[in-house]
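In the UniProt record's numbering, the protein residues as written are 1 to 238.
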Amino acid sequence: MSRQIILDTETTGLSADNGDRLIELGCVEMVNRKLTGNNLHLYFNAGRDSHPDALRVHGITTEFLKDKPRFEHKVDEIWEYLQGAELIIHNAPFDLGFLNKELELANRPPIRQCVSGVIDTLVMAKEMFPGKRNSLDSLCDRLEVDNSGRTLHGALLDAELLADVYINLTRGQEALLMAEEPVQSEGGLVVAQVDLASFKLRVVHANDQELAAHEDVMVQMDKSSGGKTIWRGFENRS
């Protein structure tokens, strides 16, 4: 089972190292590329006001947050929810920086000790669309993801949009499992016809240790067969 969590945050400002804090966490669960609805959405009382520029982006006021829990009071719930998942984040260093600062203040280890890995969709987008704008809004427009309800940034809404963006960015990964032109075989089985020429596969060459292990196996097979193996002859053919 492949469990991924699309994650986004809102903060009081841009610098966790200079005292800005996390005020909203939005997480969307996806299992085997299917949204499950098992999401996590939390607001936090940061104990400080948001910078005016940040407030204009997310609109989350100190008054709204005053009765919300502190991050450290929800850290166990967050840790359990994220446990073992692969995180998908747009501009991951920003969100991870704030999460790790909050975990540090709560006397907890860094987030990478909880999750199996992190995918940064901003890095993915820059590789796929070099030289273009790759903000979440720009990707929604380019990939035809409906973001008409996004007047202000919100962690859960942005995570939901990012989930759609990620699915579109990685659509080719499903191609091997999808039938472009299903063909009925003589036995009645429907076989998917996939044009493999459209895939660029990375060639992974064996290293010296792997080559040596392979050669050792070949030598043992030569011995056990009494020298009757035939592949040595093929090695010398041009």
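Built from N, CA and C at the ideal position, the CB exists for glycine as well. A quick note: this is a predicted structure, and the numbers were derived from the prediction, not measured.
With which residues is residue i paired in a DSSP beta bridge?
i: Arg31; result: Before going further, note that residue 31 is Val rather than Arg in the sequence given. DSSP lists Arg3 and Lys34 as partners of Val31.
i: Gly26; result: Asp8 and His41
Flag this pair as yes or no: are the beta carbons of residue i and residue j separated by less than 7 Å?
i: Cys27; j: Ile5; result: yes
i: Asn45; j: Lys74; result: no
i: Leu22; j: Thr9; result: yes
i: Thr62; j: Asp53; result: no
i: Leu103; j: Ala125; result: no
i: Leu143; j: Val165; result: yes
i: Asn32; j: Ser2; result: yes
If I'm right that residue i touches residue j with Cβ under 8 Å, what's the distance once you round it to whole angstroms?
i: Asn91; j: Asp120; result: 7 Å
Exercise for review: Write down every uninterrupted run of the alpha helix (DSSP H) in the segment 29–108 whose length is 4 residues or greater and which is fully enclosed by it, in chain order.
Suggested key: 52–58, 62–65, 75–82 and 92–105
Review point. Hey, is the segment 5–17 in contact with the segment 89–97, meaning 3+ C-beta pairs nearer than 8 Å?
Key: yes
Check your understanding: Is the segment 74–83 touching the segment 103–123, taking contact as three or more C-beta pairs under 8 Å?
Key -> yes
**Study point:** 4 or more residues per run - each alpha helix (DSSP H) lying fully within the segment 109–152
**Key:** 121–128 and 136–142
**Study point:** Inter-stretch contact at 8 Å, needing at least 3 Cβ pairs: the segment 24–39 / the segment 158–166
**Key:** yes
Exercise for review: Determine, using beta-carbon pairs with one atom in the segment 82–94 and one in the segment 48–59, whether at least three such pairs fall under 8 Å.
Suggested key: no
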